[in-house]
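Here the sequence shown stands for residues 1 to 181, where the numbers follow the UniProt record's numbering.
Backbone N, C-alpha and C define an ideal beta-carbon position, used for all residues, glycine too.
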Amino acid sequence: SYKRGQISDRELQDAVWKNVFQGKLTYLHWSKGEAMAPTIGEQGGTLLVRKIPSADPGRVFVGDVIVMKDPDDSDNYLVRRLAATEGYEMVSKDEKDEPFVLEKDQCWVLADNEKLKPKEAKDSRLFGPVPMTGIVGRVIYCLRTAVDHGPVQNSHYSMRKDSPVLEVELDVDDMVKNHKS
């Protein structure tokens, strides 16, 4: 019961819901290769990725599995684990390498598969520090097969922040439907 030209509370709620809250915070991404094994299977996986509109040390954290632009090919994306951010001192096992400190907005990323050599892993050991601006998302769920899937182990802080997003936006059936075998 409202006058002509007015909007009811219900209509207002529906409009707000449709225009503000139905924008998805995640997207699906296919990743293949052995660089992130065992986190993501060597055969690849369909990933649920939380969008990170502008990455900085307050939005992504050491230990997070991230999606980033490939430093060698900006049309391609890599999935790697964030190992260090600005201010971290980087020390190599090789005595010939001088220690250095990551500068503002720089980060260091590593592949999870420790069996790979740096060239095979295609991570910061090969291409050095990368800009935080290259990070486009954080992987929060991985589907390897229809029966082998689960949340991705990220930093404790990110796991807590992503939990409600995962509850609302995880659709395993949709991931299975979009999975590449």
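Three-state secondary structure assigned by DSSP to residue i
i, result
"residue 114", "coil"
"residue 201", "Outside the modelled stretch of the chain, which goes from 1 to 181, sits residue 201, for which no answer is possible."
"residue 163", "helix"
"residue 2", "Per-residue confidence for residue 2 stands at a pLDDT of 48, beneath the threshold of 50, marking its modelled position as unreliable; the derived number appears in the next sentence. Three-state DSSP puts residue 2 in coil, outside helix and strand."
"residue 94", "coil"
"residue 119", "helix"
Residue i to residue j span [Cα, whole Å]
i, j, result
"residue 69", "residue 163", "25 Å"
"residue 1", "residue 9", "Only weak support exists for where residue 1 lies, its pLDDT of 46 falling under 50; the coordinates are left without a value."
"residue 120", "residue 157", "30 Å"
"residue 141", "residue 174", "13 Å"
Beta-carbon proximity of residue i to residue j, cut-off 7 Å
i, j, result
"residue 60", "residue 29", "no"
"residue 124", "residue 108", "yes"
"residue 138", "residue 56", "no"
"residue 79", "residue 36", "yes"
"residue 146", "residue 176", "yes"
Local Cβ density within 10 Å of residue i, reported as buried at 16 or more and exposed below that
i, result
"residue 168", "exposed"
"residue 111", "buried"
"residue 154", "buried"
"residue 43", "exposed"
"residue 150", "exposed"
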